[in-house]
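Some notes on the structure that comes next.
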Amino acid sequence: MTVIEANGEALERAPEEFRHDREVVLLAVTQSDGWALQFASEELRKDREVVMAAVRRNGWALEHASEDLKRDRGVVLAAVQANGEALEFAGEALKHNREIVLTAVVAAEALRFAGAPVRGDREVVHAAVSKDGYALQWASDELRKNRDVVMAAVFEGGPGALEFACHEL
């Protein structure tokens, strides 16, 4: 276990029985900032505590969680708080959840992974373009016509963000 204590990514080369050992996998995901989750057994990628330990350190670890946990609101929220772009790996219904998407866009450029209804939410889109003006390209057509949203995008991203504004504006 001392190898895994020193480098959690060593789980990749560890004997199979270690990938099934909950204590070893928890240590590995902690030591590897979540990356070792991909080497855990399928059974442990279904374990909420193991997955939470991984996604809290690295939202991208959500990619390797079980499908059930990708639909778990708490797990996905923890993942997008750590890395907003983890929204890409969330269950489809959670990509339409306003709170999840707003958390994701504040944390990173994640609007492109949001469901269509949330891309039409003015507060969510304004938060996204205020962080990254080029996120305007992922906004609904209606919001790409909205002067305030477009101005926020241009203020953050420069005149190049105008490329994504609706031509009717």
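Per the working numbering, the sequence shown starts with residue 24, numbered consecutively. Built from N, CA and C at the ideal position, the CB exists for glycine as well.
For the 8 Å CB-CB criterion, Ala-127 and Gly-107 form a contact.
Of the other Cβ atoms in all chains shown, 16 or more fall within 10 Å of the Cβ of Ala-113; this residue is therefore buried. Comparing alpha-carbon positions, the option among Arg-135, Ala-63 and Asp-56 lying closest to Phe-41 turns out to be Ala-63. The alpha carbon of Gly-57 has as its nearest neighbour, out of Leu-117, Glu-72 and Ser-163, the alpha carbon of Glu-72. Between Arg-145 and Leu-166, the C-beta spacing is below 8 Å. In this chain, the alpha helix (DSSP H) harbouring Arg-167 covers 164-167. Cβ neighbours of Glu-111 within its own chain (closer than 6 Å, five residues either side excluded): Phe-136.
Only residues of its own chain outside the window of five on either side were considered, and among them Ser-64 have a CB closer than 6 Å to the CB of His-43, listed in chain order. Distance from Arg-94 to Ala-116 at the Cβ level is roughly 7 Å; contact confirmed, criterion being Cβ atoms closer than 8 Å. Taking 8 Å as the cut-off, the beta carbon of Ala-109 is found closer than this to the beta carbon of Leu-85. Ala-139 sits exposed, since fewer than 16 C-beta atoms from the chains shown fall within 10 Å of its C-beta.
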